[in-house]
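Enquirer: Dropping a structure here in structure tokens format, bear with me for questions.
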Amino acid sequence: MSVRRIRAVPVTALALATALVATACGGSGGGEEDGGSGTVRMLVNITDNLTQAKWDELVAPFEEETGIDVQIEGPSGQSVAETFPSQLAAGTAPDVIESIFPSADTAPEILDLTEFEWAQDTPMSDLYATDGQVNVVGVGMQAQSLLFYNKDLFAQAGISETPQTWDEFDAALAALQDEGVPTPIGFAADWATGVQVQQMWHPQQNVATPGWQQSVADGSSTLGEQFQPMFDHVADWIEAGYTTADDVATDSGTQEANFIAGDVGIYPMGSWFTTTLAASPPDFEVGVFAAPVEEAGDYPGPMGATLAFPYMVRQGASDVDAATQLVEYLVTDEDAIATQAEMDNFNREGLDVTADEFAASVQELVEAAPSFAVPGNQTVGDFALPVAGFNPKFTELVQGLWQGRPAADVAADLTTWYDAEAMG
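Reading the sequence shown from the start, the letters are residues -24 to -1, 1 to 400 in mature numbering (1 follows the signal peptide of the UniProt record, and there is no 0).
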């Protein structure tokens, strides 16, 4: 469950490879003469930072070197996840799809990339593979099991070392409270609550039960058993006053602002929080450490992470060879990788993050992690739970802890929900 070092392939090498294939076949690679259209339609996520212009700039060097025309398309619906299935049904699907993963309905339409060495060498390809088959590849990962903290508040509270075990973590929260920190640990509302609780539990969960999703799927463990120990921790923190019901009524943007203002001691959040910190640097020094485990000897535990910039090739692409070349360029070319890192934060081995102190701190933790683990909402691969809707239900139930529900009851309800969903 580790990230393999990635071989960088320059655009010129891709162009040369295309030419060699074309020569062998007696045609021009990716062009109409060898049966291809010479055009690749790519459906991408369009946001404030992932703009049409930035996508066009990203693929421009590839177009120039290969002669392949890349047409960038944004979603026609609310999202790529909504648009792609609709386009499949209408017979207007694109050739390359970015930002989503194969589902039970779309997987048969996605090209198997297993035979390509470059695909095998991409980040987290093993964790997103199904029975060894790779049909989605990415540029990097977004680390999740992270705890951002206010170094000034830690010093004032007499905390000289970041906690590695749950006992040490509880002691740190108590010290922050004794120092008068308004919010020793900052949970947030809506989607954030469930994500934060999961992120903190990833390391210990995967120390105790590596590949825990498979244990739940085969019946050797229940979903409630997997999470009740974490629910117990949260319930204890609520009882002690380290976090209150006001926290889970506070949206993540406001809670992030509270952290930046110096009112929060520890803020659990994924690596994407570094973008916010870089845009609005606090007046204090920010630190980050990996979530704790039960025994110090197991620290750091497996790092929870998700695939960044995932790409898929449709089997029925108008020019499969050209589409595959484009994806290879996007996930292996050093300049393309650097450009995507500027578009949206992610981590990977060897990525230059020296210009961003916050991303650099996260990068150190990523490189120190013994392995990586996917979260419970994983929808593809051997480490996916065989149900849909995990994150919303998990968040709904876990928020009940702040309303006084016992941890055991929340865990039991999680198991009941899973069993009903798994039975169909």
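A virtual CB, placed ideally from N, CA and C, is assigned to each residue, including glycine.
Using only alpha-carbon positions, find the residue among Pro179, Ala335, Leu361 and Arg381 that is nearest to residue 438.
Expert: An answer regarding residue 438 cannot be provided, because it is not within the stretch -24 to 400 covered by the chain.
Enquirer: Between Asp102, Tyr104 and Asn111, which lies nearest to Pro84 when the distance is taken from Cα to Cα?
Expert: Walking along the sequence shown from the start, residue 84 turns up at place 108. Of the candidates Asp102, Tyr104 and Asn111, the one whose C-alpha sits nearest the C-alpha of Pro84 is Asn111.
Enquirer: Can the beta-carbon of Ala299 be found closer than 8 Å to that of Ala293?
Expert: For the purposes of this step, residue 299 is taken as the residue at position 323 of the sequence shown. For the purposes of this step, residue 293 is taken as the residue at position 317 of the sequence shown. It is a contact, given that the beta carbons lie within the stated cut-off.
Enquirer: Out of Asp166, Ala95, Gly263 and Ala105, which has the shortest C-alpha to C-alpha gap to Leu131?
Expert: Numbered from its first residue, the sequence shown carries residue 131 at position 155. According to the sequence provided, residue 131 is Ala. The question's Leu does not apply to it. Closest by alpha carbon: Gly263.
Enquirer: Let me check one thing: in DSSP terms, what residues is Met279 bridge-paired to?
Expert: The count along the sequence shown starts at 1 and reaches residue 279 at position 303. BP columns for Met279 point to Phe348.
Enquirer: Which of the three DSSP states is assigned to Thr106 in this structure?
Expert: As a first step, residue 106 must be located in the sequence shown, where it is residue number 130. Strand, per DSSP.
Enquirer: Report buried or exposed for Asp227, applying the criterion of at least 16 other Cβ atoms within 10 angstroms of its Cβ.
Expert: Position 251 of the sequence shown, counted from the first residue, corresponds to residue 227. Result: exposed.
Enquirer: Quick one: residues in its chain with C-beta nearer than 8 Å to the C-beta of Gln153, no 5 flanking neighbours on either side, listed in chain order?
Expert: Looking up residue 153 in the sequence shown gives position 177. So the list reads Pro160, Ala216, Gly217 and Tyr218, once near-sequence residues are dropped.
Enquirer: Could I get the ranges of all uninterrupted alpha helix (DSSP H) runs contained in the region 347 to 393, with 4 residues as the minimum, in chain order?
Expert: Runs of the alpha helix (DSSP H) inside the region 347 to 393: 366 to 374.
Enquirer: Three-state secondary structure (DSSP) at Phe92?
Expert: What you label residue 92 is simply residue 116 of the sequence shown in a count that begins at 1. In the structure shown, Phe92 sits in coil (DSSP, three-state: anything other than H, G, I, E or B).
Enquirer: Mapping the DSSP letters down to three states, classify Met288 as helix, strand or coil.
Expert: Along the sequence shown, read from residue 1 onward, the residue named residue 288 stands at position 312. The answer is strand: DSSP assigns Met288 an E or B state.
Enquirer: Verify the CB distance criterion: does Pro84 have a CB-CB separation below 8 Å to chain C?
Expert: The chain labelled as chain C is not found in the depicted structure, where only one protein chain is given.
Enquirer: If you check the beta carbons only, do Thr141 and Ala272 fall under 8 Å apart?
Expert: On the sequence shown, residue 141 is found 165 positions in, with the first residue counted as 1. On the sequence shown, residue 272 is found 296 positions in, with the first residue counted as 1. Yes; because the gap between Cβ atoms is below 8 Å, this pair is in contact.
Enquirer: So, with DSSP's three-state summary, where would you put Gly116?
Expert: Counted from its first residue, the sequence shown places residue 116 at position 140. Reduced to three states, the DSSP call for Gly116 is strand.
Enquirer: By a C-beta neighbour count over all protein chains shown, 10 Å radius and 16 as the cutoff for buried, is Ala384 buried or exposed?
Expert: Counting from one through the sequence shown, the residue named residue 384 turns up at place 408. That one is exposed.
Enquirer: Taking 7 Å as the cut-off, is the CB of Ala388 close to at least one heavy atom of the ligand GTP?
Expert: This structure simply doesn't include the ligand GTP, nor any ligand for that matter.
Enquirer: On a Cα-Cα basis, can you pick out the residue from Ala119, Ser196, Gly229 and Phe38 that is closest to Ala344?
Expert: Taking the sequence shown and counting its residues from 1, the one referred to as residue 344 is at position 368. Checking every option, the nearest Cα to that of Ala344 belongs to Ala119.
Enquirer: Could you please give the first and the last residue of the uninterrupted beta strand (DSSP E) stretch that includes Asn182?
Expert: The residue labelled residue 182 in the question sits at position 206 within the sequence shown. Note, Asn182: premise wrong, no beta strand (DSSP E); alpha helix (DSSP H) at Trp167 to Ala184.
Enquirer: Assuming Gly162 and Ile242 make a contact with CB atoms under 8 Å, what is their CB distance in whole Å?
Expert: On the sequence shown, residue 162 is found 186 positions in, with the first residue counted as 1. On the sequence shown, residue 242 is found 266 positions in, with the first residue counted as 1. Gly162 to Ile242, Cβ: 7 Å. Contact.
Enquirer: Thinking just about the alpha-carbon of each residue, which of Val269, Thr371, Gly400 and Met176 is nearest to the one in Phe124?
Expert: Taking the sequence shown and counting its residues from 1, the one referred to as residue 124 is at position 148. Comparing Cα positions, the closest option is Met176.
Enquirer: Assuming Thr230 is part of the alpha helix (DSSP H), what are its boundary residues?
Expert: Counting from one through the sequence shown, the residue named residue 230 turns up at place 254. Unbroken alpha helix (DSSP H) run through Thr230: Ser228 to Ile236.
Enquirer: Specify, as a first and last residue, the run of the alpha helix (DSSP H) that Gly200 falls within.
Expert: What you label residue 200 is simply residue 224 of the sequence shown in a count that begins at 1. It spans Leu199 to Ala216 - the alpha helix (DSSP H) in which Gly200 sits, taken as one unbroken run.
Enquirer: So the candidates are Pro78, Ala314, Gly238 and Asn353; which of them puts its Cα closest to the Cα of His178?
Expert: Against the sequence shown, residue 178 aligns to sequence position 202. Residue Asn353 is the option with its Cα nearest to His178.
Enquirer: For Gln140, which of helix, strand or coil comes out of DSSP?
Expert: On the sequence shown, position 164 is the one that residue 140 refers to. Coil.
Enquirer: Check whether the region 383 to 398 and the region 198 to 208 are in contact - that is, three or more C-beta pairs closer than 8 Å.
Expert: With a cut-off of 8 Å, the region 198 to 208 and the region 383 to 398 count as touching, because enough Cβ pairs lie within range.
Enquirer: Can you look up Phe124 in the DSSP assignment and give me helix, strand or coil?
Expert: In the sequence shown, residue 124 corresponds to position 148, counting from 1. In this structure, Phe124 counts as strand in the three-state DSSP scheme.
Enquirer: In terms of residues, what are the limits of the alpha helix (DSSP H) holding Val35?
Expert: Here residue 35 corresponds to residue number 59 of the sequence shown, with the count starting at 1. Its alpha helix (DSSP H) spans residues Gln28 to Thr42.
Enquirer: Tell me whether Gly94 is buried or exposed, calling it buried when 16 or more other Cβ atoms sit within 10 Å of its Cβ.
Expert: In the sequence shown, counting from the first residue as 1, residue 94 sits at position 118. The amino acid occupying residue 94 in the given sequence is Trp; Gly does not appear at that position. With 16 or more Cβ atoms within 10 Å of its Cβ, Trp94 is classed as buried.
Enquirer: Roughly how many angstroms separate the alpha carbons of Tyr104 and Ser75, rounded to a whole number?
Expert: For this step, residue 104 is matched to residue 128 along the sequence shown. For this step, residue 75 is matched to residue 99 along the sequence shown. So the two alpha carbons sit approximately 14 Å from each other.
Enquirer: May I ask which residues mark the beginning and end of the beta strand (DSSP E) holding Ala266?
Expert: Within the sequence shown, residue 266 is the residue found at index 290, counting from 1. Per DSSP, Ala266 belongs to the beta strand (DSSP E) from Val262 to Ala266.
Enquirer: Nearest CA to the CA of Ala69: which residue from Ile22, Met18, Gly277 and Asp24?
Expert: Along the sequence shown, one-based indexing puts residue 69 at 93. That would be Met18, whose Cα lies nearest to the Cα of Ala69.
Enquirer: Hey, could you find the ends of the alpha helix (DSSP H) Gln189 is sitting in?
Expert: Mapped onto the sequence shown, residue 189 falls at position 213. Element bounds for Gln189: Trp188 to Ala193.
Enquirer: Cα-Cα, which of Pro258, Gln174, Ala165 and Phe265 is closest to Thr220?
Expert: Stepping through the sequence shown from its first residue, residue 220 is reached at position 244. With distances taken between Cα atoms, Thr220 lies closest to Ala165.
Enquirer: What does DSSP give as the partner residue(s) for Gly159 in the beta ladder?
Expert: By 1-based counting over the sequence shown, the position of residue 159 is 183. First, the residue type needs correcting, since residue 159 is Thr and not Gly in the sequence shown. Answer by DSSP bridge pairing, in chain order: Val240.
Enquirer: For Glu304, does the count of other Cβ atoms within 10 angstroms reach 16, so buried, or fall short, so exposed?
Expert: As a first step, residue 304 is located in the sequence shown; it is residue number 328 there, counting from the start. Burial call: buried.
Enquirer: Taking the Cβ atom as the reference point for each residue, do Arg290 and Met117 lie within a distance shorter than 8 Å?
Expert: On the sequence shown, position 314 is the one that residue 290 refers to. On the sequence shown, position 141 is the one that residue 117 refers to. Not a contact, by the Cβ cut-off of 8 Å.
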